[in-house]
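*Asks:* Once you've had a glance at the structure underneath, I'll fire off some questions.
Chains as they are written, first to last, in this note's numbering: chain A, 1 to 346; chain B, 1 to 346.
Structure follows, in structure tokens:
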């Protein structure tokens, strides 16, 4: 019987290097996805501690068939912890990541707080896994839509030399966590019953609507989310000259993001070579026979580790540009999967 | 009491120039929108004839508070008709437009059949209304997403000289007519009841999904809908050098289209001048105070004649580009309103 969340899981893993793991924000959408990814990939665990706010105390979460109780997050939560996953939002990361680091844990942080800090590597393992070695106790997990797009853009960059991206996103409600999923469900039901549909989590109705607004606005008219694409991509690809103009849009889809991408390169392109590059790239599948109705769709990548890329075509307005469409599970490659992949490299 | 659809409406209109009007495809989503627009704008009518397939015979549609019976479309339907609106799809236009023209009617055709025919003007009244004079019995109504985008692009073109557009669309299910609206409703209900959700009108599930597929595919990897944006815009703006690379995407929204547009111009841009141009332009409203949550959204333009433009910003990757977001009612400026505006010019 499990008495507290510090269960000994050593017997489930044959590896001697099992780690003591903490998940901050365990009850959120990303936190729950982290539990599933750790189970599924049989991450070598010794102990698991689930941390959340006092609201969640008394609840527990299933893991390897047992119920693990939630503990209240505090400065003392990280004693003996080797790796701490943070997925409870920026303010929690700001407040508690220093405690985790000073307790000796390595933090894999899913918030945007540390992503542009030059002392903190920002990592997609398939792209810049080696950067992990430069950590000073914190490794940042990239923005979800950026991570999904880069899975296709980076291999193309290696072949053709990426200059600029013009992109539009179709982002799922899970991007703001479990509350986003509940809000869409609630609104759809209210409208079906002819009831009023008051927005609570999003600023406006999201059911049967699209919102050109994710995160807060900068002076230049772009949102924080839109600028993350350029700024985080520069760091991940080691490509400071990279430019991106993005419009980020929330759509009434539950948990996978899609992006329409126009990408400009240094070299002249060949479609066959681009297809070859994408077929050989890790973490993505080329799903591309559009005249037969075969292309990536958000509902088809839900709960998949792989991102899907398709609608690949030479951009007919430029000899140096490709247009394509990419979908990925926001909670997996966009968050939990990438975080666990980082932990696997440690 | 109304005995047949050829009711005399002359007494409702003070103008002596009332026209005999026929609507082909009267029972469809665009047909019904045409009736509402004709009523609302008090289009000067003498007679109104509603035409549809034999499936609709025995049904009738409300108009100025009376029920107008549907007649079966035939080669003989256009005797005495001055203006015939066609909104029953390409194959019906191909078959019956020649009969209407040879009966002496002027056809305003909402299908894509005649749009690229050099003898047929393709018209948005606010942009190239004068082209109507060049008609040979047929005037084409443009593609819905193209028309909505051009309401913002054309005034900017006049000021700055348009070169190229990279755009992504967020298109409503009404784009394929009333069947699209029903399919989204049916799928949402089926999923709420945990039933299976079989696609019938769209190739894949549209509820809680997005589909990067509208119309059929060309060899170059673009869809017909995507190429219409460039090809129709060239004709409407009289700008054969204009280029556009577009990704057209169906989203689970009922009746208004949205587009994320990156537009490149000859001249260096000023944001203030672009705002001034858009505020003065006919048929669009600048809805643009994003930090207060004020921007165009599809649910806010439903049943509006005006298109909404916002999220206007100097593109930070180029000194000659603007990025913005535009929404418009697909059944109004995207179809019925533009068609009635054309008829008003006749």
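Think of the CB as a built atom: it goes at the ideal place given N, C-alpha and C, for glycine as much as any other residue.
Since this is a predicted model, take the numbers as computed values, not measurements.
#1: Determine whether the Cβ of residue 164(A) lies closer than 8 Å to any Cβ atom of chain B.
#2: Please confirm whether residue 186(B) has its beta-carbon closer than 8 Å to some beta-carbon of chain A.
#3: I'd like to check one pair, residue 97(A) with residue 82(A): are the Cβ atoms closer than 8 Å?
#4: Under a CB-based cut-off of 8 Å, is residue 189(B) close to chain A?
#5: Mind checking who residue 238(B) pairs with in its DSSP beta bridge?
#6: Nearest to residue 180(A) by CA position, among 256(A), 301(A), 38(A) and 278(A), is which residue?
#7: So, using beta-carbon positions, are residue 225(B) and residue 164(B) closer together than 8 Å?
#8: Assign residue 277(B) to one of three DSSP states: helix, strand, or coil.
#9: Identify whether residue 72(A) lies in helix, strand or coil by the three-state DSSP scheme.
#10: Is the beta carbon of residue 85(B) less than 8 Å from the beta carbon of residue 339(B)?
#11: Quick one: which chain A residues come within Cβ less than 8 Å of residue 315(B)?
#12: Whether or not the stretch 105-124 of chain B and the stretch 139-159 of chain B are in contact is what I'm after, with contact meaning three or more pairs of Cβ atoms, one per stretch, closer than 8 Å; do they touch?
#13: The stretch 194-218 of chain A: which residues have C-beta closer than 9 Å to a C-beta of chain B, in chain order?
#14: Going along the chain, which residues of the stretch 254-270 of chain A sit with their C-beta nearer than 7 Å to a C-beta in chain B?
#15: Taking all protein chains shown into account, decide if residue 209(A) is buried (16 or more other Cβ within 10 angstroms of its Cβ) or exposed.
#16: Could you tell me the alpha carbon to alpha carbon distance between residue 77(B) and residue 100(B), rounded to whole angstroms?
#17: Along chain B, in chain order, which residues have C-beta atoms closer than 8 Å to that of residue 293(A)?
#18: Quick one, are the C-beta atoms of residue 390(B) and residue 306(B) less than 8 Å apart?
#19: For the stretch 294-314 of chain A, list every residue whose C-beta sits within 8 Å of some C-beta in chain B, in sequence order.
#20: From this set, 176(A), 118(A), 37(A) and 303(A), which residue's C-alpha is nearest residue 344(A)'s C-alpha?
#21: Could you compute how far the alpha carbon of residue 289(B) sits from the alpha carbon of residue 162(A)?
#22: At 8 Å on the CB atoms, spell out the chain B contacts of residue 170(A), in chain order.
#23: Using a cut-off of 9 Å between C-beta atoms, extract the partners of residue 177(A) located in chain B.
#24: So residue 167(B) packs on residue 229(B), CB below 8 Å; how close in whole Å?
#25: Only counting runs of 4 or more residues, tell me where the alpha helix (DSSP H) segments fall wholly within the stretch 83-158 of chain A, in order along the chain.
#26: Would you be able to state if there are at least three C-beta pairs under 8 Å between the stretch 17-27 of chain B and the stretch 55-62 of chain B?
#27: Would you call residue 346(B) buried or exposed, if buried means 16 or more other Cβ atoms sit within 10 Å of its Cβ?
#28: Going by the CB atoms, is the gap between residue 262(B) and residue 323(B) shorter than 8 Å?
#29: Kindly indicate which three-state DSSP category residue 65(A) falls into: helix, strand or coil?
#30: For the ligand HEM, I want to know if residue 300(B) counts as a neighbour, meaning its beta carbon is within less than 7 Å of at least one of the ligand's heavy atoms.
#31: Please report the straight-line C-alpha distance between residue 314(A) and residue 272(A), rounded to a whole angstrom.
#32: Taking the beta strand (DSSP E) that residue 19(B) belongs to, which residues open and close that run?
#33: In terms of DSSP beta bridges, what is residue 328(B) paired with?
#34: Within 10 Å of its beta-carbon, does residue 2(B) have 16 or more other beta-carbons around it, so buried, or fewer, so exposed?
#35: By Cβ distance below 6 Å, which residues in the same chain neighbour residue 23(B) in space, the five residues on each side in sequence not counted?
#36: Which residues of chain B have a Cβ atom closer than 9 Å to the Cβ of residue 145(A), listed in chain order?
*Replies:* Judging by the given coordinates:
#1: yes
#2: No - not a single Cβ of chain A is within 8 Å of the one on residue 186(B).
#3: Not in contact: residue 82(A) and residue 97(A) (Cβ atoms no closer than 8 Å).
#4: yes
#5: For residue 238(B), which the question treats as bridged, DSSP gives no partner whatsoever.
#6: 256(A)
#7: no
#8: helix
#9: strand
#10: yes
#11: 245
#12: yes
#13: Those would be 203, 204, 205, 207, 208, 209, 210, 211, 212, 213, 216 and 217, in chain order.
#14: 254, 258, 260 and 262
#15: In summary, residue 209(A) is buried, with 16 or more beta-carbon neighbours lying within 10 Å of its beta-carbon over all protein chains present.
#16: Going by the C-alpha atoms only, they are around 8 Å apart.
#17: Within chain B, the residues near residue 293(A) are 203, 204 and 213.
#18: Examination of residue 390(B) is not possible in this model, given that chain B is present from 1 through 346 alone.
#19: 295, 296, 297, 298, 299, 310, 311, 312, 313 and 314
#20: 37(A)
#21: 33 Å
#22: Within chain B, the residues placing a beta-carbon under 8 Å from that of residue 170(A) are 170, 210, 249 and 251, ordered along the chain.
#23: Residues of chain B passing the Cβ test: none, with the nearest at roughly 17 Å.
#24: 7 Å
#25: 90-102 and 125-128
#26: yes
#27: exposed
#28: yes
#29: coil
#30: This structure lacks the ligand HEM; in fact it carries no ligand of any kind.
#31: 10 Å
#32: 19-24
#33: 257(B)
#34: Per-residue confidence for residue 2(B) stands at a pLDDT of 37, beneath the threshold of 50, marking its modelled position as unreliable; no derived number is given.
#35: Answer for residue 23(B): 31, 34, 50 and 85, listed in chain order.
#36: None at all; the shortest Cβ gap to chain B is about 13 Å.
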